[in-house]
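Participant: Mind looking over this structure? Questions follow.
Numbering (this note's numbering), first residue to last: 5 to 445.
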């Protein structure tokens, strides 16, 4: 079922379309009068099940003005963690809009946050339906890694900082998750009042790959560990625990149970692999705490086990193989509080192991926030993907200098402030196959 929205957008002469797929998912599309033949297949992040075809209104308008068409679906569930249906719904939306306005000359998948994982999965299943992919702030390491490292940090707070154990998995309803969020926030807030508490917050933050810049115009200095921990604490009590524990019921619903475990984790090995290990060690020394003892306690008392059926479900629906079918560019803010940049390290290695390394490029924005991109930064990345499709080569278009120059050449409101910078993503603490959790799928 397809219906034009009626009124075209005056500034671009574009037409809006919408429809419903057979499984109940809805889709929306915007097609400009001067369509250049490229369709953006946009995959939205973890949010309400509402169809979206662009990351935000400003980017939509800039893309329409440049002649791009866009389409995206709501997904159909069964929960907000909609990975079991998202790829099919996205391809269904693409097919529906193609029947309505004509087949595109080229289709580029563009995913944001959880939608970055959707687009990475589309890349594996391209089969001629997409030509290239751009993931932005993508959850490309997948659900099993996400749940595991988040649980590690939550467990550290429950075991080392909370006056009583906090229920962290197997939630019967959203109220139990909300109670866990409240308890994690309270324990973290109370702990911030003492040097010992701050050291243990830093440990929990390292286990969840929490960056050390959350607010303000610049990151704390590389050895200003007290300021780094203060930023991490604000992020955990802010978006952190509310999203980590708060979203778990939806993922458990999709998986059919709890997919993550603390049992068997070597927490000393996990911390050793963290880019924040020096911060943790310094704060423990200043507080007069025995870090080895705390790590041994966490390892000894870890007793949360995963449901094998839930693990199998998420392995099938929500994890990447790394076998790419088309070229892909990933961009990520270096200081992303909700989907840490370390996910790019895990994903890049997965892609290289699968033999697809020549198809993948990754670029980084020196900024804080989740999906906190400027339109010029993302459109410059889109043009880099187009260069690869036009020439068959990446050349140097994904280097920071070239991406910043490409953003400047767009002459958008934010073109002169693009923030691409040289960066190598560190290892994902607590990830599958990583130190401390060395088993793989």
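We treat Cβ as the ideally placed atom computed from N, Cα and C, and that holds for glycine.
Quick one: what does DSSP say residue 34 is sitting in, helix, strand or coil?
Facilitator: Strand.
Participant: Cβ atoms of residue 410 and residue 388: under 8 angstroms apart, would you say?
Facilitator: Yes; because the gap between Cβ atoms is below 8 angstroms, this pair is in contact.
Participant: Is the number of C-beta pairs between the segment 102-110 and the segment 268-288 that are closer than 8 angstroms three or more?
Facilitator: The answer is no - the segment 268-288 does not touch the segment 102-110, with fewer than three Cβ pairs under 8 angstroms.
Participant: With respect to the alpha helix (DSSP H) encompassing residue 118, which residues constitute its N-terminal and C-terminal limits?
Facilitator: Taken as a continuous stretch (DSSP letters only), the alpha helix (DSSP H) holding residue 118 covers 118-128.
Participant: Tell me, to the nearest whole angstrom, how far the beta carbon of residue 416 is from that of residue 379; I am working on the premise that it is less than 8 angstroms.
Facilitator: The pair is a contact, with the Cβ atoms about 6 angstroms apart (cut-off 8 angstroms).
Participant: Under 8 angstroms by Cβ, that's how I've got residue 45 and residue 94 pegged, so tell me the actual separation to the nearest angstrom.
Facilitator: Correct: roughly 6 angstroms between the Cβ atoms.
Participant: Between 71, 385 and 327, which lies nearest to residue 38 when the distance is taken from Cα to Cα?
Facilitator: That would be 71, whose Cα lies nearest to the Cα of residue 38.
Participant: By Cβ distance below 6 angstroms, which residues in the same chain neighbour residue 73 in space, the five residues on each side in sequence not counted?
Facilitator: Around residue 73: 35, 39 and 43.
Participant: Do the segment 306-313 and the segment 245-255 make contact, defined as three or more Cβ pairs closer than 8 angstroms?
Facilitator: With the cut-off at 8 angstroms, the segment 306-313 and the segment 245-255 do not touch.
Participant: Name the two residues that bound the continuous alpha helix (DSSP H) containing residue 383.
Facilitator: Its alpha helix (DSSP H) spans residues 379-395.
Participant: Give the DSSP-derived three-state secondary structure of residue 50 in the structure shown.
Facilitator: If DSSP states are grouped into helix, strand and coil, residue 50 belongs with coil.
Participant: Residues bridged to residue 75 by DSSP?
Facilitator: Bridge partners of residue 75: 33 and 45.
Participant: From the DSSP secondary-structure annotation, give me the bridge partner or partners of residue 246.
Facilitator: According to DSSP, residue 246 bridges with nothing at all.
Participant: Might you give, ordered along the chain, the residues of its own chain that have their beta carbon closer than 6 angstroms to the beta carbon of residue 392, omitting 5 neighbours on each side?
Facilitator: Correct list, in chain order: 331 and 398.
Participant: In this structure, how does DSSP classify residue 96 when only helix, strand and coil are distinguished?
Facilitator: Three-state DSSP puts residue 96 in a helix.
Participant: Please state if the CB of residue 338 and the CB of residue 369 are separated by a distance shorter than 8 angstroms.
Facilitator: Their beta carbons are under 8 angstroms apart, which means residue 369 touches residue 338 by this criterion.
Participant: Quick one: what does DSSP say residue 328 is sitting in, helix, strand or coil?
Facilitator: Three-state result, residue 328: coil.
Participant: By a C-beta neighbour count over all protein chains shown, 10 Å radius and 16 as the cutoff for buried, is residue 442 buried or exposed?
Facilitator: Its Cβ having fewer than 16 others within 10 Å, residue 442 is exposed.
Participant: Do you know offhand how far residue 348's Cα is from residue 366's?
Facilitator: Looking at the two C-alpha atoms, the distance is approximately 8 angstroms.
Participant: What are the start and end residues of the beta strand (DSSP E) that includes residue 368?
Facilitator: Here the beta strand (DSSP E) through residue 368 covers 364-372.
Participant: Give me the Cβ distance between residue 172 and residue 148, rounded to the nearest whole Å; I'm assuming they're in contact under 8 angstroms.
Facilitator: 16 angstroms between Cβ atoms; not a contact.
Participant: Tell me whether residue 48 is buried or exposed, calling it buried when 16 or more other Cβ atoms sit within 10 Å of its Cβ.
Facilitator: It is buried - the Cβ of residue 48 has at least 16 other Cβ atoms within 10 Å.
Participant: Mind the definition here: the segment 284-293 touches the segment 201-220 only if three or more C-beta pairs lie below 8 angstroms; say whether that holds.
Facilitator: Short answer: they touch.
Participant: Please list the terminal residues of the continuous alpha helix (DSSP H) segment that includes residue 21.
Facilitator: Residue 21 -> not in any alpha helix (DSSP H); beta strand (DSSP E) instead, spanning 19-24.
Participant: Are the Cβ atoms of residue 18 and residue 54 separated by less than 8 angstroms?
Facilitator: No, the pair does not count as a contact, with Cβ atoms beyond the cut-off.
Participant: Following the continuous alpha helix (DSSP H) through residue 318, name the residue where it begins and the one where it ends.
Facilitator: Looking at the DSSP string, the run of the alpha helix (DSSP H) that includes residue 318 is 312-321.
Participant: Quick check on the DSSP output: what are the complete alpha helix (DSSP H) runs of length 4 or more inside the segment 240-295, in order along the chain?
Facilitator: Within the segment 240-295, the complete alpha helix (DSSP H) runs of at least 4 residues are 245-248, 252-259, 271-276 and 281-291.
Participant: Near residue 293, what residues of its chain come up, given a Cβ to Cβ distance below 7 angstroms and the 5 sequence neighbours on each side ignored?
Facilitator: For residue 293, where only same-chain residues beyond five positions count, the Cβ hits under 7 angstroms are 200 and 203.
Participant: Quick one, which of 127, 335, 259 and 361 has its alpha-carbon nearest residue 137's?
Facilitator: Checking every option, the nearest Cα to that of residue 137 belongs to 127.
Participant: Please say whether residue 341 and residue 239 have beta carbons closer to each other than 8 angstroms?
Facilitator: Yes, they are a contact pair.
Participant: Excluding the 5 residues flanking residue 213 on each side, which residues of the same chain have their C-beta closer than 7 angstroms to its C-beta?
Facilitator: Contacts found: 153, 344, 346, 432 and 433.
Participant: Rounded to the nearest angstrom, what separates residue 10 and residue 58 at their Cα positions?
Facilitator: Bear in mind that the predicted position of residue 10 carries a pLDDT of just 37, short of 50, making it unreliable; the figure below should be weighed with that in mind. Going by the C-alpha atoms only, they are around 20 angstroms apart.
Participant: Where do the ends of the alpha helix (DSSP H) carrying residue 142 lie?
Facilitator: Looking at the DSSP string, residue 142 is not in any alpha helix (DSSP H), and its letter there is neither H nor E.
Participant: So, at 6 angstroms on beta carbons, what are the nonlocal neighbours of residue 90 in its own chain, with the 5 sequence-adjacent residues on each side left out?
Facilitator: For residue 90, where only same-chain residues beyond five positions count, the Cβ hits under 6 angstroms are 79 and 122.
Participant: Rounded to whole angstroms, how far is the Cβ of residue 118 from the Cβ of residue 175, which I believe are closer than 8 angstroms?
Facilitator: With 8 angstroms as the limit, residue 118 and residue 175 do not qualify as a contact, their Cβ atoms being about 19 angstroms apart.
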